[in-house]
Every structure is written in C-alpha cells, then in structure tokens.
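Note sheet for the following structure.
Written out as structure tokens, the structure reads:
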C-alpha cells in the first residue's frame, strides 16, 4: 500500500476552493479515514503553516492529531541534506513554504509519495519547487487531482 505525504497547499487550496467541505464533504472524511489507516499524513510543519491563518481549516486539522507525524532522526538527516543542496526551496520572505523541505524529507525517509499543488518550474526561477527536488532525489510526487483519481476518492 502506498503512503502519501500532503503538502500544505493541497489542504488550503482544497478547503478554500474546489474541495470545500460544503460541496465535497466526503473528500475530508476520506482524508481523515486514510490518516487513521496511516496511508496519508502531513508534517507538523504543515500544521504550523495552517495554524498561521487560524481559520476553519485549522479547526478541522487541530482535531485530527493522527494526520500529523512527528520528526525523527532520519527525517532530520534528510532535511539537512535537502537544505544544503536546495536552500532556495524555502522562500526568504516571511518564511513562506517552510514546510516544503519537511514534506520532501518525510517522503524520502518513509518512501512516501508527495502530493502537492506545485508544478515543476524553470530553474531560472529563484524559488525551487517541490517537484524539482523530488525528481532530483527520486521521490515520487503527484498533484491532488491525480491523488483523488488514484485513490478513487468520491467527493459527495
């Protein structure tokens, strides 16, 4: 069984746009159920990014501690390697995208698939995207639409 590590933008964009809990409640029920089965998880840094907004999404995630996994030494080791090789993965303005290297480090350590809204970008852009680093490290990744399709998640 595959393991999936969700990036912050998958939750925020989903909650605020096309997977709103009002129109696609089953998406959120399924995520919760998959998290309980340890098939889907987020990093604690993802939770911190969501907490900054302190909105209804944060209300939902704070009641689901099983969705958020702690860091271990192997994750920290992989994080150091990622930050050394790709320091531009974290935006310098207001510490945005702080979860990105953590998401990749967890996936690398655990053999998980990263699920992100980010798309590969030209290397001329100063911000390195999750897909680029995943490709370089051999970490599989997909977008949230592929995730929904692969897991056959029903939205209603």
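Residue numbers (the numbering used here): 379 to 534. Glycine included, each C-beta is placed from N, C-alpha and C at the ideal position.
| Can you check whether the CB of residue 383 is closer than 8 Å to the CB of residue 511? | no
| request: Just list the alpha helix (DSSP H) runs in the segment 421-497, keeping only unbroken ones of 4 residues or longer that don't cross its boundaries, in chain order. | output: 422-429, 434-440, 451-463, 478-488
| So, using beta-carbon positions, are residue 446 and residue 425 closer together than 8 Å? | yes
| field | Beta-bridge partners of residue 512, as assigned by DSSP | value | DSSP lists no partner for residue 512.
| residue 380 to residue 462 span [Cα, whole Å] | 28 Å
| said: I'd like to know whether the C-beta atoms of residue 496 and residue 508 end up nearer to each other than 8 Å. | reply: yes
| query | Helix, strand or coil: which one does DSSP assign to residue 414? | reply | helix
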